[in-house]
Each structure stands twice: as C-alpha cells, then as structure tokens.
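Chains as they are written, first to last, in my numbering: chain E, 89 to 336; chain V, 952 to 1241.
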C-alpha cells in the first residue's frame, strides 16, 4: 500500500561525510557491482563499450566547486543516492503500490513485480534517486542493501551496504537514526548533519555532514617580526650611524 | 521534462474526450439514432484512445491492471478508476440515448461530473509534484479543465460556450505561463539548498557524475531554447484559441468548423508540448542546469 507508515520501528539510513569524501567513485562501482553481479535483475547498461554509454546506477558522485566570499574555492565531492525519506513523495504517487516504505526499518523499496514503469516516482523524487532501467522497464533505486544487512550467509563485517563497506576514506556510515546512541545519530549531532532541499518537506533520513571550516589561506611569514623596521626616522646613535654609513 | 509523444497524446485526447462526454452528459446531444451515435462515438473514441496512448508510456505494461489499486494515495490510480467509472456511466447513458431515445438525466449528470473529475485527476498527477515548481499550483488544474471544457463545447456543437471557453482558456494559459515562469525562483530551491553547501559560498558544478547521459538527464533535464519556446507559445495561443474563436464568430458552416477544429488541435498539441518541455525539475540543480 502506498500510504506512508506513521512511524517506523527503526530508521535505517546513511551519513555521508562531505569533508572526507575524496571522489574516488568506489561506492558507485561497488553498488553497481552488488546489484548487477549477483542474483536478481541486473542494472543494465546501454552501449557500454560504444560511443554513448548510458546505464542504471543507484549511487552517483557529483563534484561541486564552492566559492566563499573571500578565500580560495573548495572542491566538494558529493555522493548521492536514495535518502529513504520519512515523507517520501515517491511512495504516495505510485499507482500500483510497487513503491513502499518498510514499517520495520523505514527502507524505501520498489517491488519489481508490481512496477509498471510509469516513471511518476522518478518525477516525484527531488534528488534523482530513481532511474528507470531501460532493459527491464522497471524502476531501480538504492535498496540500502537490504539483501546484505540481514543476510546470515555473509560474515558479520559485510552486513552493511556495499558502498559503506568499500569506502576507502571512511566517508560513509550506516546505522539506525531512531537510536540516539548509534554512530549515525552521534555523527549527525556532533557535525551538524544536514538535509538536502529541506524546503520540499521530504524529511530525508540520510544526512550529509558539511565540510569542516578551512584555513583562510593567509600566508604566514616567520621572519617578518625580525625584519620590521625599528624606526622610520632614527635619532641618537642610530641616527649618527645612518648618516655616516650614507656618506661612505 | 522530456515531452514524450505518448503522454502528450494521452492528456490531449483524453481531455477532449472527457470534455465532450461532460457536455453530452449535461444533455447536449442530438435526440437519438445516428447523430447521437456519432457524438458518442467521437467522445468514446477520443477518451479511450487517450487512455490507450498512456499505456504506451509504460516501461512495463503487463502489470497495468494493478494501477487501479492505490486510489487512496495516488492521483494516477484515482484517474484510472474515475476514467473507467465515467466511461461506464456514460456508456449506459449513451445506450439509452441511441437505442431507446431516452435521456436518463441523473445518469447523465453523474457521468458528466465523473468525466470532469477524471480531467481534474489527470491534472493533479502533474500539479501534485513539488519537484516541478511550474506545475505545482492550482492553475495547472485550471488549465487542464479549461482546455477540456473548451474542446468539449466545440465538439458538442455548443459554439457560444465554445467561443467564450476558447478565450477564457487562452487567458488561463497566459496566466499559467506568466506565473509559471517565476515559480522556480520563487520556490527558492537553488544549488546551495540542494547540496547544503550554501553556508560556505556559491556552488557550481565542477564535474558531472558521468560523462554520458542517463535516465535523469534524458527525462527531466530537457531544455527548450527561449526563442523557440516563445514562438511556440504564440502559435499555441493563436492556433489553439484566438483563431478558432474568430472563425466561430464568422460562421458555423461545416468547412469553417473543420478548419477551426484543426487549428484548435494544432494549438492544443503545441501548448501541451510546451507544458512538458518547459517544466523545470529540481533535480537539474544537481547537474548545474538551473
């Protein structure tokens, strides 16, 4: 049913640290790999070895340049995938009930058996989290690796989303936002985790940690204190020395 | 937004069909027999072909029957149910009118209201989307209903109403364009709010996440050249509303009617193409496109 649950028992989601992400795109590859190389319908690619490749990816990394009022600009790498919103607009617009938010953990999923590929959920998502797979004709989106996090066949340390497991910089974190003491809740509180496009009222669960403030970039000259002039117009002994040396 | 031909056909044809059905339900048809049959045939033909066109837009049509299930939350689902209900009620009304010459007044009014509700529901599919500020306003529903009533009046032979409706529709369209042009900026979604990096400074896209295209760019980041868009707006207004109204004022002879109808269709298709092509989706902010 495409009504949203009033409250979910757990609120699973990601924290993405924009200060740490180096833009390596490893999370993009591991997500594509986990969702393509295993069971289930693959994330397709069209013309992958040709001149105009296009394909379905659930997680993409943008790079933005931010220019402060004064100082040097900063490059911020920006991974973006489904934010598993509390008030997900993609869930309520779905006519078949294929798009739903789980009551037990808040993960937003697509039931591919019911999806008619109308694309309305992709139109409703402000973040571009959903892509229509051109080969399968159904909507694909980040599943928060629901097939990994509860999977008893995987070793303990692999029971987290593929993107989190693979990030070499440790910029991605996975946990339960409903638990105040979880890693994600503590990170969000400590670093001021923010919502994307809060004005649209989607109440995203994934939080982004803003880049930490940087140095202003002024140059520090160690010899400067020693090289400052003692006086512009010397008097006394120094004045006599100055005049004598000038005559030499 | 990418103006998919199937969606344009769907909204235009079903709008005309249900508009005509509304007028027929309110009692505008010939008494019985072949003239009545012609009227209903055109109405049902337009409405059904519009609905069929929408099925061509689907990536996975085999599940299409499930689209009726989520009427509690989804406007698209409600539109499907209302369309079927309107067609069934008007079907009964049509049979009574054609074969028995009876006008079942209450059934007709119910069918007419269901037809208008269907058009309204179609408009809400687009008007509900907060992600397209241009559409996210009651003017969108006003636009769809005005077009539907104008076209329906014309096809039903109610030429006085049609002339007024054409001019009103033209006015609503101009209002929608003027108001819509300012909506994205007024909403306040910027690259800074999309990335949350506004607290540091001005944001621009340094590198896109992919060098090729993708579904998001193809569907939702479609850009119409300003001059091209302006020219199409003029064509839509002239051909869709002003010329047909003027022609109807001159005469209601059949050749003039055919000309007016053809011009109206061209104008409506242009207006609906622009409706989709000029819509700006906020996801474009992530690609530096706004």
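Even for Gly, the Cβ is constructed at its ideal location relative to N, Cα and C.
Here residue 101 (chain E) is bridged, per DSSP, to E:263. Note: residue 296 (chain E) is bridge-paired with E:104 and E:282 in the DSSP secondary-structure output. A check of alpha carbon separations from residue 190 (chain E) across E:179, E:184 and E:200 identifies E:179 as the nearest. Of the residues assessed, residue 328 (chain E) falls on the exposed side of the cut-off, its CB having fewer than 16 other CB atoms within 10 angstroms.
In the same chain as residue 1104 (chain V), and ignoring 5 residues on each side of it, the C-beta atoms closer than 7 Å to its own belong to 974, 1112, 1113 and 1116, in chain order. Taking the beta carbon of residue 1082 (chain V) as reference, the chain E residues within 8 Å of it are 177, 211, 212, 213, 214 and 288, listed in sequence order. With its beta carbon at least 9 Å from every one in chain V, residue 172 (chain E) lies outside the interface. Beta-bridge annotation (DSSP): residue 151 (chain E) is paired with E:165 and V:1158.
Residue 296 (chain E) reaches chain V at 1147, counting residues in chain order whose Cβ is nearer than 7 Å. Per DSSP, residue 226 (chain E) is not a residue of any beta strand (DSSP E), being assigned neither H nor E.
Only those residues of the segment 1125 to 1144 of chain V whose C-beta falls short of 8 Å from the nearest C-beta of chain E are listed: 1138, 1139, 1140, 1142 and 1144. Residue state for residue 1038 (chain V) is assigned as helix, using DSSP reduced to three classes. Taking C-beta separations shorter than 6 Å and ignoring five residues to either side along the sequence, the partners of residue 173 (chain E) in its chain run 290, 291 and 292, following chain order. Taking 9 Å as the cut-off, the beta carbon of residue 1049 (chain V) is found no closer than this to the beta carbon of residue 976 (chain V).
Considering only beta carbons, the part of the segment 1029 to 1047 of chain V lying closer than 9 Å to chain E consists of 1029, 1030 and 1031, in chain order. Chain V places no beta carbon closer than 9 Å to that of residue 99 (chain E), leaving this residue out of the contacts.
Taking 9 Å as the CB threshold, residue 1024 (chain V) lines the interface with chain E. Spatial neighbours of residue 279 (chain E) in its own chain (CB-CB distance under 6 Å, excluding positions within 5 residues in sequence) are listed in chain order as 297. Residue 1238 (chain V) belongs to the set of residues whose beta carbon lies under 9 Å from a beta carbon in chain E. Around residue 1170 (chain V), the same chain offers 952 and 953 as residues with beta carbons nearer than 7 Å, after the five sequence neighbours per side are excluded.
For residue 179 (chain E), no beta strand (DSSP E) encloses it; the enclosing alpha helix (DSSP H) starts and ends at 177 to 180. With a threshold of 9 Å between beta carbons, residue 1174 (chain V) makes no contact with chain E. Among the residues of chain E, none has a CB under 8 Å from the CB of residue 1088 (chain V); the nearest is roughly 15 Å distant.
Residues of the same chain with a CB within less than 7 Å of the CB of residue 93 (chain E), apart from the 5 flanking positions on each side, are 189 and 191 in chain order.
Closer than 9 Å to the CB of residue 263 (chain E) there is not a single CB belonging to chain V.
A Cβ-Cβ separation of about 20 Å leaves residue 164 (chain E) out of contact with residue 145 (chain E) under the 8 Å criterion. The C-alpha of residue 308 (chain E) is placed about 28 Å away from the C-alpha of residue 321 (chain E). Rounded to the nearest whole angstrom, the C-alpha separation of residue 225 (chain E) and residue 1010 (chain V) is 4 Å. In summary, residue 294 (chain E) is buried, with 16 or more beta-carbon neighbours lying within 10 Å of its beta-carbon over all protein chains present. For residue 333 (chain E), the secondary structure class from DSSP, reduced to helix, strand or coil, is helix. For residue 1160 (chain V), the chain E residues whose Cβ falls inside 7 Å of its Cβ are 148, 149 and 150, in order along the chain.
In this chain, the beta strand (DSSP E) harbouring residue 188 (chain E) covers 187 to 189. Within chain V, the residues whose beta carbon sits less than 8 Å from that of residue 140 (chain E) are 1163 and 1164, listed in sequence order. The beta carbon of residue 233 (chain E) is closer than 6 Å to those of 249 and 250 in its chain, skipping five residues each way along the sequence. At a cut-off of 9 Å, the C-beta of residue 226 (chain E) has a neighbouring C-beta in chain V. For residue 311 (chain E), the secondary structure class from DSSP, reduced to helix, strand or coil, is coil.
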